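Each step along the sequence shown adds one to the number in numbering that gives the first Met the number 0, with nothing skipped, and position 159 is 158.
Everything below concerns the one structure shown next.
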Amino acid sequence: MMWFCAQLGSLAFWQVEKWSSYDWLCHGFTTKDWGNLALHVGDIPEKVLANRTELGLRLGFPLDNWVVGSQVHQTQIMQITAADKGRGAYRQADAVPDTDGLVTDEPGILLVSFYADCVPLFFVVPDMRVVGTAHAGWRGTAGGVAIKMIEKLAVVYGAKPEQIEVAVGPRIASCCYQVGEEVA
Numbered sequence: 000m001m002w003f004c005a006q007l008g009s010l011a012f013w014q015v016e017k018w019s020s021y022d023w024l025c026h027g028f029t030t031k032d033w034g035n036l037a038l039h040v041g042d043i044p045e046k047v048l049a050n051r052t053e054l055g056l057r058l059g060f061p062l063d064n065w066v067v068g069s070q071v072h073q074t075q076i077m078q079i080t081a082a083d084k085g086r087g088a089y090r091q092a093d094a095v096p097d098t099d100g101l102v103t104d105e106p107g108i109l110l111v112s113f114y115a116d117c118v119p120l121f122f123v124v125p126d127m128r129v130v131g132t133a134h135a136g137w138r139g140t141a142g143g144v145a146i147k148m149i150e151k152l153a154v155v156y157g158a159k160p161e162q163i164e165v166a167v168g169p170r171i172a173s174c175c176y177q178v179g180e181e182v183a
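See below:
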């Protein structure tokens with residue numbers, strides 16, 4: 000999948016070219032220009048919430064519609080429903096616990112995940128309007144987080160592998176990261 004740089008006002012927002020034509024899908028990858036959006040990295044919570052609120056306004060997704068997972072570098076994938084709206088949006092303690100993947104077919108929910116050097120994986124089943132995101136660090140990758148997402152899409156939604164579109168987002172380059180023999 001090819002990514003392109005869209006603009007939300009003066010700020011860059013990366014999107015998958017093909018998916019930008021899906022009028023029902025809000026997706027993308029922000030850059031540091033947006034400021035910190037993660038509550039779990041020790042930044043001032045009020046600043047993070049202000050950044051999140053601004054992004055939500057520009058996307059048309061208020062924080063009450065966000066769902067954030069508490070990423071733990073593992074392989075758990077959680078199905079998200081309307082009852083989960085707002086989880087983790089205002090407080091890290093309220094995030095979906097111990098999960099590195101979120102998936103939903105509920106309209107009006109923004110699945111939110113965070114990346115530094117890990118690999119962002121985005122999943123779309125266009126015919127079913129199902130979306131998912133997975134956080135793939137080396138442990139999750141070695142544990143098969145991508146395969147587990149595909150299995151979740153099959154079991155919960157009946158998606159066949161050939162129906163699933165996957166995009167790999169920006170990540171650390173191999174020149175900048177050392178992997179030990181135990182995981183290579």
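We treat Cβ as the ideally placed atom computed from N, Cα and C, and that holds for glycine.
These numbers come from a predicted model, not from an experiment.
I need the straight-line Cα distance from Val118 to Ala135, nearest angstrom please.
5 Å
Extract the residue ranges of the beta strand (DSSP E) inside the region 67-103, only unbroken runs of 3 or more that lie entirely within it.
Entirely contained in the region 67-103, the beta strand (DSSP E) runs reaching 3 residues are, in chain order, 76-78, 100-103.
What does a CB cutoff of less than 6 Å around Thr98 pick up in its chain, not counting 5 residues either side in sequence?
Gly68, Gln75, Met77
If we ignore side chains and look at the alpha-carbon of each, how far apart do Gly107 and Arg138 end up?
31 Å
Is it right to say Lys151 is buried, meaning 16 or more other beta carbons lie within 10 angstroms of its own, or is it exposed?
buried
I'd like the list of long-range same chain contacts for Asp126, defined as Cβ closer than 8 Å, with 5 residues on each side in sequence excluded.
Excluding residues up to 5 positions away in sequence, Gln162 lie with their Cβ nearer than 8 Å to the Cβ of Asp126 in the same chain.
So if DSSP puts Glu164 in a beta bridge, which residue, or which two residues, is it bridged to?
Val123
Rounded to whole angstroms, what's the CA-CA distance from Val155 to Trp23? Just pull it up for me.
Trp23 has its alpha-carbon roughly 20 Å from the corresponding atom of Val155.
Can you give the Cα-Cα distance for Val123 and His26, rounded to whole angstroms?
10 Å
Do Val130 and Thr103 count as a contact pair if the criterion is CB distance below 8 Å?
yes
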